[in-house]
Amino acid sequence: MTGDSAAAAGGCHIFSGCGYPAPGLDDFYFQKLFSIGGWNVTKPEFIAILCVIIIVAFFWTAFAKPKMIPGKTQSIGEMAVLLVRDQVVRPVLGKRGDSYMQFLVPLFFWILVMNLMELIPVLQFPSMSRIGFVWPLVFVVYGLYWYLGFKTKGFIGYFRSWIPDAPWFIMPILIPVEILKYVFIQPFTLGVRLFANMFAGHLLLSIFMVATWYLTSLSIGLLYAAGSLFMVFFVFLLELLVDLLQAFIFTTLTATYIADSLESGH
Amino acid sequence: MSLAAAVATQTISINIGAVGYGLAAIGPGIGIGLVFGHAIEAMARQPEASGRIQLYMWIGFALTEALALIGLIAPFIFKY
Numbered sequence: 005m006t007g008d009s010a011a012a013a014g015g016c017h018i019f020s021g022c023g024y025p026a027p028g029l030d031d032f033y034f035q036k037l038f039s040i041g042g043w044n045v046t047k048p049e050f051i052a053i054l055c056v057i058i059i060v061a062f063f064w065t066a067f068a069k070p071k072m073i074p075g076k077t078q079s080i081g082e083m084a085v086l087l088v089r090d091q092v093v094r095p096v097l098g099k100r101g102d103s104y105m106q107f108l109v110p111l112f113f114w115i116l117v118m119n120l121m122e123l124i125p126v127l128q129f130p131s132m133s134r135i136g137f138v139w140p141l142v143f144v145v146y147g148l149y150w151y152l153g154f155k156t157k158g159f160i161g162y163f164r165s166w167i168p169d170a171p172w173f174i175m176p177i178l179i180p181v182e183i184l185k186y187v188f189i190q191p192f193t194l195g196v197r198l199f200a201n202m203f204a205g206h207l208l209l210s211i212f213m214v215a216t217w218y219l220t221s222l223s224i225g226l227l228y229a230a231g232s233l234f235m236v237f238f239v240f241l242l243e244l245l246v247d248l249l250q251a252f253i254f255t256t257l258t259a260t261y262i263a264d265s266l267e268s269g270h
Numbered sequence: 138m139s140l141a142a143a144v145a146t147q148t149i150s151i152n153i154g155a156v157g158y159g160l161a162a163i164g165p166g167i168g169i170g171l172v173f174g175h176a177i178e179a180m181a182r183q184p185e186a187s188g189r190i191q192l193y194m195w196i197g198f199a200l201t202e203a204l205a206l207i208g209l210i211a212p213f214i215f216k217y
């Protein structure tokens, strides 16, 4: 619960004459927290930097001095890396995917930790629900699969490989659709999927949290507040699933696009 | 247009937008049901292939779900 709706909900309860302060787009705008030099740090930026520090610190402690018999942190770190390798990279890319692990493992865990920040009290904001945090990731993925396509198939060959074998009379429809798919739709849906899931998740959570506070008064409203509180826990669990799923899907689709660029013709 | 009329128009357009999103969510709803239903059927027929089936199930789910999510953000792209 952040932003204006939290402030509006301050002393606002049911039957006290004020309407439900519905959370909306205002919840996604923030005043600066602090500034370093001329650079104003807002909450989403702060959370993003915090996540980077968490990830780097964790993997640093896990793998800086690897031992034959792993300690606690190292075993968890190995489990984490193996999770990405066996669930995402190996099924899509096979053995040759191992050279992309350095990119896909941090990608998975950064998105996962960023998403989980929407459930941690006080922070409670998924930075990915600001679309500006998603596009850089998408541009990196976009650049990567174009680069790999040009590298493995050559300049003309990559464009030729977009068009599958089909009867000639379908071509006028097929060619524009395929070009649109690779140039525009793939990166757009990749980014929008992550953004919109986090956006909807944050809205859902804040709607039920504000509703619980709003309905709490010594009246029949208390009963509804209990129902709303139950929904908060339900949505919390749902978001836990969605956070994991979105990190998984983003990484899997990245791996699929890389595999698409590496395959020689289809 | 008077202020009251403008407010009323905006309220109606917001409500119609909500109905529109409800209609738009029907298609992906059916699609996601098909994806999971067929994946479960496939896994029941061939349990040893469930790893691969699950992978494609999630990819299919993600592609179908994108339609509903585009509907969710469409009003922010095409502001009235």
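Just so you know, the sequences run in chain order U and Y. The first sequence begins at 5 in our numbering and counts up one residue at a time. The second sequence begins at 138 in our numbering and counts up one residue at a time. Where is the CB? At the ideal position from N, CA and C, for every residue including glycine. Source: prediction; values computed, not measured.
With a threshold of 16 other CB atoms inside 10 Å of the CB of Glu185 of chain Y, please say whether the residue is buried or exposed.
Residue 185 of chain Y sits at position 48 when you count from the first residue of the second sequence. It counts as exposed.
Name the chain U residues whose beta carbon is nearer than 7 angstroms to that of Ala199 of chain Y?
In the second sequence, the residue the question calls residue 199 of chain Y occupies position 62. Neighbours of Ala199 of chain Y on chain U, chain order: Arg197, Ile253, Leu257.
Do you know offhand how far Ala199 of chain Y's Cα is from Pro74 of chain U's?
Working through the second sequence from its first residue, we reach residue 199 of chain Y at position 62. Working through the first sequence from its first residue, we reach residue 74 of chain U at position 70. Going by the C-alpha atoms only, they are around 36 angstroms apart.
Once DSSP output is grouped into helix, strand and coil, what is the label at Ile40 of chain U?
Along the first sequence, read from residue 1 onward, the residue named residue 40 of chain U stands at position 36. In the structure shown, Ile40 of chain U sits in a strand (DSSP, three-state: E or B).
Who are the Cβ neighbours of Leu198 of chain U in its own chain at under 6 angstroms, not counting the five residues just before and after it?
In the first sequence, residue 198 of chain U corresponds to position 194, counting from 1. Excluding sequence neighbours, Leu198 of chain U sits near Met132, Val138, Gln250, Phe254.
Secondary structure of Ile151 of chain Y, DSSP reduced to three states
Here residue 151 of chain Y refers to the residue found at position 14 of the second sequence. Of the three classes helix, strand and coil, the one that applies to Ile151 of chain Y here is helix, per DSSP.
So is Ile262 of chain U buried or exposed if we call it buried at 16+ other beta carbons inside 10 Å?
Numbered from 1 along the first sequence, position 258 holds the residue referred to as residue 262 of chain U. Buried.
Name the residue from U:Ser210, U:Val109, U:Leu233 whose alpha carbon lies nearest to the alpha carbon of Thr220 of chain U.
The sequence position of residue 220 of chain U within the first sequence is 216, counting from 1. The residue with the shortest Cα to Cα distance from Thr220 of chain U is U:Leu233.
Cα-Cα separation between Phe154 of chain U and Glu49 of chain U, rounded to whole angstroms
As a working note, residue 154 of chain U is residue 150 in the first sequence. As a working note, residue 49 of chain U is residue 45 in the first sequence. C-alpha separation (whole angstroms): 34 angstroms.
Counted within 10 angstroms of its Cβ, other Cβ atoms place Gly101 of chain U as buried (16 or more) or exposed
Translated into positions along the first sequence, residue 101 of chain U becomes position 97. Its Cβ being crowded by 16 or more others within 10 Å, Gly101 of chain U is buried.
So, with DSSP's three-state summary, where would you put Val45 of chain U?
Looking up residue 45 of chain U in the first sequence gives position 41. Of the three classes helix, strand and coil, the one that applies to Val45 of chain U here is strand, per DSSP.
Buried versus exposed call for Tyr151 of chain U [16 or more other C-beta atoms within 10 Å across all chains shown]:
Here residue 151 of chain U is taken as the residue at index 147 of the first sequence, counted from 1. Exposed.
Going by other Cβ atoms of all chains shown within 10 Å of its Cβ, with 16 needed for buried, is Arg134 of chain U buried or exposed?
Mapped onto the first sequence, residue 134 of chain U falls at position 130. Looking at its Cβ environment, which holds 16 or more other Cβ atoms inside 10 Å, Arg134 of chain U is buried.
Buried versus exposed call for Cys273 of chain U [16 or more other C-beta atoms within 10 Å across all chains shown]
One cannot answer for residue 273 of chain U here, as it falls past the ends of chain U, which runs 5 to 270.
Give the DSSP-derived three-state secondary structure of Lys124 of chain U in the structure shown.
On the first sequence, residue 124 of chain U is found 120 positions in, with the first residue counted as 1. It should be noted that the sequence gives Ile, not Lys, for residue 124 of chain U. Coil at Ile124 of chain U, not helix or strand.
Less than 8 angstroms between the C-beta atoms of Gly174 of chain Y and Leu204 of chain Y, yes or no?
Sequence index remark: in the second sequence, residue 174 of chain Y carries index 37 (1-based). Sequence index remark: in the second sequence, residue 204 of chain Y carries index 67 (1-based). Contact: no.
Contacts that Gly188 of chain Y makes with chain U (C-beta to C-beta distance below 8 angstroms)
Position 51 of the second sequence holds residue 188 of chain Y. Chain U residues near Gly188 of chain Y: Pro95.
If we count the other Cβ atoms within 10 Å of its Cβ and call it buried at 16 or more, is Ser39 of chain U buried or exposed?
If you number the first sequence from 1, residue 39 of chain U lands on position 35. Exposed is the call here.
Beta-carbon proximity check, Ile133 of chain Y vs Glu202 of chain Y, cutoff 8 angstroms:
With chain Y represented from 138 up to 217, any question about residue 133 of chain Y goes unanswered, as that position is not in the structure.
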